[in-house]
Structures are given as C-alpha cells and as structure tokens.
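So the working numbering is basically just the index in the sequence shown, starting at one, shifted up by 130. The block underneath contains the structure these notes are about, expressed in structure tokens.
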Amino acid sequence: MNDFLIESEGLKYTYRNGAAYVAVLDGVSFSLCRGEAVAIVGPSGSGKSTLLNVLNGLLAAQAGELRVLGRSALTLSQDDWAQLRRKHIATLFQDGNLIPTLTVERNIAFRAGLAGLAENDGAALMERLDIADTAERYPDQLSGGQRQRAALACAFAMQPKLILADEPTGSLDYATAQRVTPLFFDAIRERKVGALIVTHNPELAERCDRKLELREGALCPWDSALSS
Ligand code: ADP
C-alpha cells in the first residue's frame, strides 16, 4: 500500500427526499497521507458531516472515485466498511459516541477489543488526557469536556490508521482545549495516524499540515486571511 490513506476524485453526493434533491458534494477531490493532519473548514450546512460520512462508508457517493486505505470504495461491501470502522477508521463525532452502559474504562477496552487488540493502553491514555479519575464513571456522569476526552481515548485505543473528527475540541472549555489539542496532535504524529479534522477552532486548524475549505460542494485551499 502507498502512503495515501484517502484518495478522492470528483466525489458527488446528493440527498434525495421524495422529489427534492439537495446536491451537497459536487466534485470533492483531495488526498490524505499517513501521518498527515488536514483541517476542513466551511460554514454550517456546507457538507462537512456528509463528507465524513462518505469517507467512513456510512453514505455512498453517487459519482467520483474514492480509495480508502488503499481500497477502492467500489469494491467495499457494507461488511468491509464495518470492518474498516472497527479496526482502522476512528470517527470522532461531537457527541462523543460512547456506549452509555459502559464505564469509561470499559468503553476504552471495548473499542480496543473491537479492533482485535488483546491489550489496550487505556490507563496511559486516560492519564495523558487527564481523565484517570473518571475510569469507573458512566458517560452520563461526565462533563462535556470529559466525555470528549474519553471519546478521544477510545479512538486512540483502537490504534486506528485514520481518524475522521468532527470538532474534536468542540465541547471543551478554552483551557482544556489548550491542553488537549497538543495531546491530540502528539498522538497523531507519534502513531503516524492520518487525521481529517472538521473544525471551527483556528488553533486546531493552524496545527494541521493543510487547511481546506468546503465551498460550493468542492474542497479548495483555505486562506484564513481571506475569510476573516
Ligand atoms: P455541515 O456538516 O457542513 O453543517 P451537512 O453535511 O450536515 O453540513 O449538511 C449539508 C447539507 O445537506 C445541508 O443543507 C443539510 O440541510 C443537508 N442535509 C443533511 N442531511 C440531509 C438529509 N438526510 N436529507 C436532506 N438533506 C440533508
């Protein structure tokens, strides 16, 4: 496999509700390499969540080419996509996607187990993310910031090749975001994970290797100076 985790060319996605069509992605072309972090910015409704869902196989593009982890989306069955999401693609959504009936510690162990890992570095991850004291708590006993850090720990515990993140610091207060952001990037760089990060947080975007804007259904280089 080459170093590309994602290669897309001319991806299109249109929602269809009865007779109504909403064209959201209209020729998305970009690539993401191992160890690279790319920020995606764009106004609400520009299609960022739709793009993440196409890239993790929950939605199927109607046109264009997509290769994920070296495999063409055309050849991937629903089971193949599910396997990729279990083992190699961590998706971090704003709501944290933790299992409500498991403690933080068990959530982390569960995600590692789903990825086929017998051991997990949950204790070290919780320590690094400053949530060691929440190990025995359930998600509804956590603050928004703790929940998001627990979700980050789950994502890293599965040792993914690719992280698709939607505002990974969105529910953190400023001070916590300042502390968690470097940890997020250290983990990405150390483990050579590729990360696509949807964010409105300029500090997070600035730490990425490239910044792209989703505009009128396509991705283009983002010049923060022009958009401010
Ligand atoms: P963003 O994440 O950038 O806010 P989304 O990908 O959520 O944007 O949505 C892009 C556009 O697609 C919006 O206009 C939204 O209303 C529309 N949309 C999202 N989901 C659906 C759906 N299931 N059916 C129809 N339109 C949808």
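Glycine included, each C-beta is placed from N, C-alpha and C at the ideal position.
Under the three-state reduction of DSSP output, L196 falls in the strand class. Two segments are said to touch when three or more pairs of C-beta atoms, one from each, lie closer than 8 Å; by this definition the region 198–217 does not touch the region 269–285. Going by beta carbons, A307 and V171 fall outside the 9 Å limit.
In the DSSP assignment, I293 falls within the beta strand (DSSP E) that extends over 292–296. With respect to the 9 Å criterion, L349 and A169 are not classified as neighbours on the basis of their beta carbons.
Contact between G140 and E195 is confirmed by a C-beta separation of about 7 Å, below the 8 Å threshold. A check of alpha carbon separations from L302 across A191, V154, N331, C338 identifies N331 as the nearest. DSSP, read as helix, strand or coil, puts S161 in strand. The Cβ atoms of R258 and A295 do not sit closer than 9 Å to each other.
Scanning E333, T144, E346, K322 for the CA closest to the CA of L189 turns up T144. DSSP, read as helix, strand or coil, puts K322 in coil.
The way I'd put it, the region 176–192 doesn't touch the region 238–255; fewer than three beta-carbon pairs between them come closer than 8 Å. Residue A153 holds the alpha-carbon nearest to the alpha-carbon of A193 among S161, A212, A153.
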